[in-house]
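To keep things clear, I will list the structure first and then write my remarks on it.
Residue numbers (this note's numbering), protein chains in the order written: chain H, 226 to 621; chain D, 522 to 660.
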């Protein structure tokens, strides 16, 4: 008989909220979700900061908004450690109860808001006008996207610590060398570059240069995961185990003027090591999310490989090649292998798994027993990155 | 030919029911923000809740529009609608009354900018109903 994790009543619904259904309100799903949350907070006497999980569905009114749940939590002032977007149509709200129960039982969050909201009467189904902040507050001022966000961030970092372009160029060259021996890297990046090439590349939004940036492309990646018991029963012995994970979204939402050089990695880095009983010294390979070069340097500092402002010295003093002391994104990273859109977070994850299975031909890291893989999700309105996560993988 | 087409104008923001009071004030040349009455903290951009409480218990308040510049970037590759302006400068302004706005900096060259310099809000009319905030040195 299949196990039923709810059999012993491990979770309970403690309040509900509902707004009146309306024909054409002019509102967006965010506003309805805010009203529902307000009712529940009123009933329970809780604060929004007591909520650490959110489950919702993709509403028709926001379809095409690929950052829907992140925008939702930003609208609600939440800082969840667990987010769930469910797209199983009319089954979603009930399905989210089960998902939230599973998350709570497994310790991913303690108190989850399950909310369903849409405004199809107002928007119809074919519109492209999205709520949130991008269309109303970024595009009208000429905020041309991630290079501007990282231009501002780089300038903030430069004022606080000093920006070392040579170190960033060093990262660009290290990753490009990986792409040269990665058959899955995008073809146009399979040629060597130098630090000077990085310096000389076209300036997009000062000090961000072309070779700081990721390039979107087409592609895909994935993995198959099952219970270890099942895998062993299947006779498999080349396994990769996720052994620790930490995630945070909407870092410090109650600070209207946050220090943008700080990120959620200051939280999830130490947390993932505490969960694993490890330290940075125990990490054999580092596969950080790389949309911009400086993002990797900030992660090195905030996860704890070096101190704040010491990233450049750490980069210049560490061999990050496959034969070095801390191999970095050995297949080129997204910046040199290409970013297949929103599947890009899987590029470095796949490379870490490939390494731990001993199949990274031409760039295999010998004796690598583990890897640290990270993700960054959403560049918000000149705040810290939307989501940050860290995953430790161990080989067999 | 695409090259023969004039550059499109910058986008005109479309207010939501939440943000409308800000744009109404902007039309009169005034900057209004949502403020948490308990702490006095202002938030920008407008949200359906006061992020300090999770409730819609914010107050709209007219603020001075003065602030200090924290970081900036000179943009060389324009966003749609901004080809006629390159290079242009976008700056992050920490408002004297709290909150932070990213906006175009005008009437100043980038080599004259310094961290912490005083700036004040100004307005660029985009349509009969919409004026967009921008900042310039407050000398």
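All residues carry an ideal CB built from backbone N, CA and C; glycine is no exception.
Everything numeric in this text was worked out from a predicted model, so none of it was measured.
C-beta neighbour in chain D for residue i, strict 8 Å
i: residue 473/H; result: no
i: residue 429/H; result: yes
i: residue 262/H; result: yes
i: residue 603/H; result: no
i: residue 366/H; result: yes
i: residue 465/H; result: no
i: residue 256/H; result: yes
i: residue 244/H; result: no
i: residue 616/H; result: no
i: residue 479/H; result: yes
i: residue 559/H; result: no
i: residue 373/H; result: yes
i: residue 252/H; result: yes
i: residue 289/H; result: no
i: residue 369/H; result: yes
i: residue 564/H; result: no
i: residue 301/H; result: yes
i: residue 240/H; result: no
i: residue 384/H; result: yes
i: residue 380/H; result: yes
Nearest to residue i (by Cα), restricted to the options the options
i: residue 284/H; options: 355/H, 263/H, 323/H and 276/H; result: 355/H
i: residue 644/D; options: 612/D, 568/D and 624/D; result: 624/D
i: residue 477/H; options: 612/H, 267/H, 331/H and 256/H; result: 612/H
i: residue 410/H; options: 273/H, 427/H and 444/H; result: 444/H
i: residue 393/H; options: 288/H, 342/H and 422/H; result: 422/H
i: residue 282/H; options: 295/H, 586/H and 537/H; result: 295/H
i: residue 554/H; options: 527/H, 297/H, 589/H and 531/H; result: 589/H
i: residue 289/H; options: 567/H, 572/H, 510/H and 270/H; result: 567/H
i: residue 260/H; options: 585/D, 575/D and 609/D; result: 575/D
i: residue 371/H; options: 616/H, 607/H, 350/H and 620/H; result: 607/H
i: residue 491/H; options: 384/H, 510/H and 525/H; result: 525/H
In DSSP terms, what residue i is bridged to
i: residue 595/H; result: 619/H
i: residue 658/D; result: 640/D
i: residue 614/D; result: 590/D and 622/D
i: residue 565/D; result: In the DSSP output, where bridge partners are listed per residue, residue 565/D has none listed.
i: residue 281/H; result: 310/H
i: residue 469/H; result: 617/H
i: residue 434/H; result: 428/H
i: residue 339/H; result: 280/H
i: residue 553/D; result: 583/D
i: residue 564/H; result: 441/H
i: residue 488/H; result: In the DSSP output, where bridge partners are listed per residue, residue 488/H has none listed.
i: residue 645/D; result: 653/D
Neighbour flag for residue i against chain H, beta carbons, 8 Å
i: residue 603/D; result: yes
i: residue 649/D; result: no
i: residue 615/D; result: yes
i: residue 584/D; result: no
i: residue 576/D; result: yes
i: residue 595/D; result: yes
i: residue 667/D; result: Residue 667/D falls outside the range modelled here, since chain D spans only 522 to 660, and no answer is possible.
i: residue 537/D; result: yes
i: residue 579/D; result: no
i: residue 652/D; result: no
Status (buried if at least 16 other CB within 10 Å, exposed otherwise) for residue i
i: residue 339/H; result: buried
i: residue 237/H; result: exposed
i: residue 559/D; result: exposed
i: residue 533/D; result: exposed
i: residue 278/H; result: buried
i: residue 457/H; result: exposed
i: residue 537/D; result: buried
i: residue 425/H; result: exposed
i: residue 316/H; result: exposed
i: residue 621/D; result: buried
i: residue 319/H; result: exposed
i: residue 414/H; result: buried
i: residue 287/H; result: buried
i: residue 584/H; result: exposed
i: residue 365/H; result: buried
i: residue 570/D; result: buried
i: residue 649/D; result: exposed
Test: residue i CB closer than 8 Å to a CB of chain A
i: residue 259/H; result: In the displayed structure, chain A is absent; the protein chains listed are H and D.
Evaluate contact between the region 580-590 of chain D and the region 629-641 of chain D, counting only Cβ atoms and requiring at least three cross-stretch pairs below 8 Å.
Contact holds: three or more Cβ-Cβ distances are below 8 Å.
Any contact between the region 405-422 of chain H and the region 477-493 of chain H? By contact I mean 3 or more CB pairs, one from each, below 8 Å.
They do not touch, by the three-pair rule.
Under 8 Å: do the region 241-254 of chain H and the region 316-332 of chain H share three or more Cβ pairs, one atom per stretch?
These segments do not touch.
For the structure I just gave you, are there three or more beta carbon pairs, one from the region 543-559 of chain D and one from the region 572-586 of chain D, closer than 8 Å?
In this structure the region 543-559 of chain D lies against the region 572-586 of chain D, because at least three pairs of beta carbons, one per stretch, are closer than 8 Å.
State whether the region 587-603 of chain H contacts the region 498-518 of chain H, with contact taken as three or more CB pairs (one from each stretch) at a distance under 8 Å.
The region 587-603 of chain H, when compared against the region 498-518 of chain H, does touch it at the 8 Å Cβ threshold.
Does the region 557-572 of chain H come close enough to the region 536-546 of chain H that 3 or more CB-CB pairs lie under 8 Å?
Result no; under three Cβ-Cβ pairs closer than 8 Å.
Cβ pair count under 8 Å reaching 3, the region 573-588 of chain H against the region 593-602 of chain D
The region 573-588 of chain H vs the region 593-602 of chain D: no contact.
Using 8 Å as the threshold, is the region 447-461 of chain H in touch with the region 260-276 of chain H, meaning 3 or more CB pairs across them?
By the Cβ criterion, the region 447-461 of chain H is not in contact with the region 260-276 of chain H, since fewer than three pairs of Cβ atoms, one from each stretch, lie closer than 8 Å.
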